[in-house]
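Have a look at the structure below before the remarks.
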Amino acid sequence: MSVDTAFIEAMPKVELHMHIEGSLEPELMFALAKRNDIDLPFKSVAEVRDAYQFSELQDFLDIYYQGMGVLQTERDFFDLTHAYLEKVAAQNVRHVEIFFDPQGHTARGIAFETVLNGISRALEEGEKEFDITSRLILCFLRHLSEEDALDTLEEALPFKSKIHGVGLDSSEMGHPPSKFARVFEKAKAEGLLAVAHAGEEGPPAYVTEALDLLKIDRLDHGNRSLEDAVLTRRLQETGIALTVCPLSNLKLKGVTDMRHHPLKKMLEAGLKATVNSDDPAYFGGYMTENFKAVTEALDLSRADLLTLGQNAIEASFAPPARKVELKAELDAFAG
Ligand code: HPA
Ligand code: ZN
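For the sequence shown, the numbering used here gives the first residue as 375, with consecutive numbering after it.
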């Protein structure tokens, strides 16, 4: 069966799982390296792309943290975010929820404000230029200590009006959600929403911890949840959404073949799954490419695609009035 390309391209989409630093295309990496007088260990864009061969999450993370080293000034963060919005505007993406990793920058001596101002200014201008609404989610790097995460939260609180939630990313194995229970409790007490990467490489027990201890409002990845029947039932009953990232799972060998991807099983089980790009510059595509790859491999129907679109609207952190608009657009598209 040929993929429903025109339908996927035209469908109004909502993205809920995308690390802005993971949208750094090699071309922009080179341009920023030049602008900031930084030496890259690559001679060409082709050489960079050739290096994007990963056998697990950590392989990717090593190159991801190296890549973000070219981001130095507020303008760099602005340009990065603007480039992402421009890309997804052309894919009919209508609302985005963006992760950023402040510790990946403050550890290099870049001020928190530099990062936040560059990204949030691009999001504000992007709303006018591209008619895309947004939410910003601050992620804690789980390979670092909880003290470091608590310091980062303290640094972020004066800018709370620009940040809607906190998340947990980076190396999952050996860094369970329980390590961050206090910082999430504090963030929630400050009125921030909570998400966490869990069950990407880690066991279902990490997903259960994220629900019980971090009180997450949405689950990032969650693929391995299906290995645990009790947990699967809990996700069904609570309706907590999963932000699934098909091309990421393929690139990081969470699945060896897209035909084995658990997305269809998730939908069949009534889980609120959504499709997202994770780190589009590293994993081979943005929203449309992710939808196409998984639709082709799993033979998803138009009804499945609309369910995925609908799930993303419901699971978004957009204000109620914006959700009504997004739903109306999707309904008008569905006809
Ligand atoms: N998993 C965990 N941490 C990350 C990822 C991911 O896919 N992308 C950026 N940080
Ligand atoms: Zn992610």
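The beta carbon of each residue, even a glycine, is placed where N, CA and C say it ideally should be.
On a predicted model such as this, the values are computed, not experimentally measured, just so you know.
Bridge partners of residue i, per DSSP?
{"i": "ARG409", "result": "In DSSP, ARG409 forms no bridge with anything."}
{"i": "VAL470", "result": "GLU389 and SER508"}
{"i": "LEU593", "result": "ALA570 and LEU616"}
{"i": "ALA647", "result": "LEU616"}
{"i": "ASP543", "result": "LEU515"}
{"i": "ASP631", "result": "None, per the DSSP bridge assignment."}
{"i": "ASP652", "result": "MET392"}
How would you call residue i, buried or exposed, if buried means at least 16 neighbouring beta carbons within 10 angstroms?
{"i": "LYS417", "result": "exposed"}
{"i": "ARG651", "result": "Residue 651 is actually Ser in this sequence, not Arg. SER651 should be labelled buried."}
{"i": "LEU531", "result": "exposed"}
{"i": "HIS469", "result": "buried"}
{"i": "VAL649", "result": "buried"}
{"i": "MET375", "result": "Low per-residue confidence applies at MET375: pLDDT is 48, beneath 50, and the placement is therefore not dependable, though the value from the model is reported in the following sentence. Exposed."}
{"i": "ASP653", "result": "buried"}
{"i": "PHE691", "result": "buried"}
{"i": "GLU336", "result": "No answer is possible for residue 336: the residues shown for the chain start at 375 and end at 709."}
{"i": "THR612", "result": "exposed"}
{"i": "PRO415", "result": "exposed"}
{"i": "SER397", "result": "buried"}
Is the closest heavy atom of ligand 1 to the C-beta of residue i under 7 Å?
{"i": "LEU431", "result": "yes"}
{"i": "GLY337", "result": "Outside the modelled stretch of the chain, which goes from 375 to 709, sits residue 337, for which no answer is possible."}
{"i": "HIS549", "result": "no"}
{"i": "HIS469", "result": "no"}
Below 7 Å, is the gap between the Cβ of residue i and the nearest heavy atom of ligand 2?
{"i": "ASP594", "result": "yes"}
{"i": "HIS571", "result": "yes"}
{"i": "ASP475", "result": "no"}
{"i": "HIS635", "result": "no"}
Using 8 Å as the cut-off, can you tell me whether the region 424 to 439 makes contact with the region 451 to 463, which would need three or more C-beta pairs spanning the two stretches below that distance?
The region 424 to 439 is not in contact with the region 451 to 463.
Residue ranges of each beta strand (DSSP E) run of no fewer than 3 residues wholly in the region 547 to 590, ordered along the chain?
List check, beta strand (DSSP E) in window: 567 to 572.
Three CB pairs or more closer than 8 Å across the region 589 to 596 and the region 561 to 569:
Under the 8 Å Cβ criterion, the region 589 to 596 counts as touching the region 561 to 569, having at least three qualifying pairs.
Complete runs of the alpha helix (DSSP H) confined to the region 672 to 708 [at least 4 residues]:
As summarised for the region 672 to 708, the continuous alpha helix (DSSP H) elements at least 4 residues long and confined to that stretch are 676 to 689 and 694 to 708, given in chain order.
Flag this pair as touching only if the region 692 to 702 and the region 520 to 535 have three or more C-beta atom pairs under 8 Å; answer yes or no.
The region 692 to 702 is not in contact with the region 520 to 535.
Kindly confirm or deny that the region 618 to 638 and the region 662 to 672 touch, where touching means at least three C-beta pairs closer than 8 Å.
The region 618 to 638, when compared against the region 662 to 672, does touch it at the 8 Å Cβ threshold.
Does the region 475 to 487 come into contact with the region 666 to 679, if we say contact requires no fewer than three beta-carbon pairs (one atom in each stretch) closer than 8 Å?
By the criterion of at least three beta-carbon pairs nearer than 8 Å, the region 475 to 487 is not in contact with the region 666 to 679.
Can at least three beta-carbon pairs, one atom from the region 625 to 639 and one from the region 439 to 446, be found at a separation below 8 Å?
Segments in contact, no.
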